[in-house]
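*Asks:* Note that the numbering used here gives residue 287 to position 83 of the sequence shown, counting from 1, and the numbers run on in steps of one.
The beta-carbon is built from N, C-alpha and C at its ideal position, and this holds for glycine as well.
Let me give you the structure first, and then I'll get to my questions.
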Amino acid sequence: MATRTRPAKPGRAGAAGEVFLAFLRLGLTSFGGPVAHLGYLRDEFVVRRRWLDEQAYGGLVGLCQFLPGPASSQVGIGIGLSRAGLPGALAAWLGFTLPSALLMILLALGIALLPPGLDARWLHGLKVATVAVVAQAVWGMAKALAPDRMRFTLAAAACGVAVAWPSAAGQIAALAAGGLFGWRYLTAAQPGAPGAGRLVSAGRWLPLAAWALFFGLLAGLPLLRAVAPGDGVAIFDSFFRAGALVFGGGHVVLPMLQAEVVPPGWVTNDAFLAGYGVAQALPGPLFTFAAYLGASMAGATGGWLGGLLALTAIFLPAFLLVIGALPYWELLRHRRRVQSAMAGVNAAVVGVLLAALYQPVWTGAIGRPADFALGLAAFVLLMFWKAPPWLVVALCAAGGALLAAAG
């Protein structure tokens, strides 16, 4: 028997503080990269807090997969925007981003010493925990978004496409194909209860201003950099373009960042690689690596100022794209043909997440029977004992260290 989901609670003004605290908790405990982050976000805001329902969450994930930039951060910004408007979007981003960003800046300034052996024993335990977190998200989303044989088959096909074509382009192709299939062959979902699944009210000036600012900065910053040379403008331009033009999340943006900061001599290649290694061991979005790079730069543009400048520049495109796209998406997604297409996209989202569960999550974490046993125990704790994710992550970190010590 299918589990009934209570209607999502509608957003309310003045809830930015509530949004900040909820996302701060995730920013301190969300290990495992963008795919795991989607699992944490679903558990917190769909299952536990019920700020939105499975259909709205799946649609938001699908939309953010189509947009350039860090998908998990964009999903968080969208949740904050729907909960408390523009202040909520800012609060969600700050809460989710600041913990790892501040640690990365402190590392660059030398206040935090680089730990010896970045592949620490506990780090492998964190990777195993990611397997359980993502598996829980795929399980829950599959039950809600691919509940019949047609949509489950579509999810399996999308998984096959994403595995055979392991890139951002492959993921986008799978989602687009799912949408076309749904548009043509799937029956539109029945409207939900009032307020259920609602993301955000469509304003007039805010999305237009966001689009204007996005394209204005994308075209105008290189011109400003040419006529007004200076490290501040150059840094903002480089990191803004990295955030605006990359699909596929944190790992995909790394080659672009390396090309922007190493050849000009802003950051040495050794410092770049060392910071990247530490960034993978921290909670929160991998895009906060930009804060480390900005703070590592010499001169007046480095330090705290450089770190905050680079951090703002790389996340600003994601912010503008979500604010610009989400209100129009809210207008479109309640139409029947669009609902049919989104039923296909949502099923394809399940397949894309299943593909990510296999590669790189499973293949990067499960290499021996002991890893499988630890991952299975974490999955049971999450699914059946309802243990909080942060506790499961801590237990897996300790378990990874014990397994490594045992040989």
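1. Between L513, G374, W594, S500, which lies nearest to G314 when the distance is taken from Cα to Cα?
2. Rounded to the nearest angstrom, what separates L421 and G579 at their Cα positions?
3. Does the structure place the stretch 431-447 close enough to the stretch 457-472 that three or more beta carbon pairs sit under 8 Å?
4. Taking the straight line between their C-alpha atoms, what separation do you get for L513 and A495?
5. Closest to A288 by C-alpha separation, out of A483, T492, A226, would be which residue?
6. Assign P573 to one of three DSSP states: helix, strand, or coil.
7. Let's see if you can read the secondary structure: which residues bound the alpha helix (DSSP H) around S442?
8. Do the CB positions of P592 and S304 come within less than 7 Å of each other?
9. If I'm right that G329 touches G603 with Cβ under 8 Å, what's the distance once you round it to whole angstroms?
10. Using the Cα positions of N550 and P468, report the straight-line distance between them to the nearest angstrom.
11. Over what stretch of residues does the alpha helix (DSSP H) that includes F588 continue unbroken?
12. Determine the DSSP secondary structure at M501, reduced to helix, strand or coil.
13. Rounded to the nearest angstrom, how far is the Cβ of A582 from that of A366, given a contact under 8 Å?
14. List the endpoints of the continuous alpha helix (DSSP H) containing T233.
15. Quick check on V471: does DSSP put it in helix, strand or coil?
16. If G498 and G510 are in contact, beta carbons under 8 Å, what's the gap, nearest whole angstrom?
17. Report buried or exposed for S371, applying the criterion of at least 16 other Cβ atoms within 10 angstroms of its Cβ.
18. With C-beta atoms as the reference, is P274 less than 7 Å away from A522?
19. Along the chain, which unbroken stretches of the alpha helix (DSSP H) at least 4 residues long are found entirely within the stretch 482-543?
20. If we count the other Cβ atoms within 10 Å of its Cβ and call it buried at 16 or more, is F419 buried or exposed?
21. Can G263 and V223 be called in contact, C-beta distance under 7 Å?
22. Within its chain, find whatever has a CB closer than 7 Å to the CB of A414; leave out the 5 residues flanking it on each side and keep chain order.
23. Are G386 and S544 touching if we call contact CB-CB under 7 Å?
24. Between which residues of its own chain and A359 is the CB-CB distance below 6 Å, once the five residues before and five after are set aside?
25. Just verifying my parser: in three-state terms, what is the DSSP assignment at S371?
26. Roughly how many angstroms separate the alpha carbons of L449 and P272, rounded to a whole number?
27. Can you tell me whether DSSP reads R252 as helix, strand or coil?
28. Classify D247: buried if its beta carbon has 16 or more other beta carbons within 10 angstroms, exposed otherwise.
29. Could you check whether A569 and K347 sit closer than 7 Å to each other, using their CB atoms as the reference points?
30. Going by beta-carbon coordinates alone, are A362 and A373 separated by less than 7 Å?
31. Give the DSSP-derived three-state secondary structure of T334 in the structure shown.
32. Please state the DSSP three-state secondary structure of P351.
33. Starting from P303, trace the alpha helix (DSSP H) in both directions and tell me its first and last residue.
34. Could you give the distance in angstroms between the alpha-carbon of V596 and the alpha-carbon of L290?
35. If you drop the 5 nearest sequence neighbours on each side, which residues of the same chain put their C-beta closer than 7 Å to that of Y261?
*Replies:* Per the coordinate set shown:
1. S500
2. 45 Å
3. yes
4. 8 Å
5. A226
6. helix
7. 435-449
8. no
9. 5 Å
10. 43 Å
11. Looking at the DSSP string, F588 is not in any alpha helix (DSSP H), and its letter there is neither H nor E.
12. coil
13. So it is not a contact: roughly 24 Å between Cβ atoms.
14. 220-233
15. coil
16. 4 Å
17. exposed
18. yes
19. 493-500, 507-536
20. exposed
21. no
22. L524, I527, G528
23. yes
24. A350, A551, V554, G555
25. coil
26. 6 Å
27. helix
28. buried
29. no
30. no
31. helix
32. coil
33. 275-313
34. 33 Å
35. R246, V250
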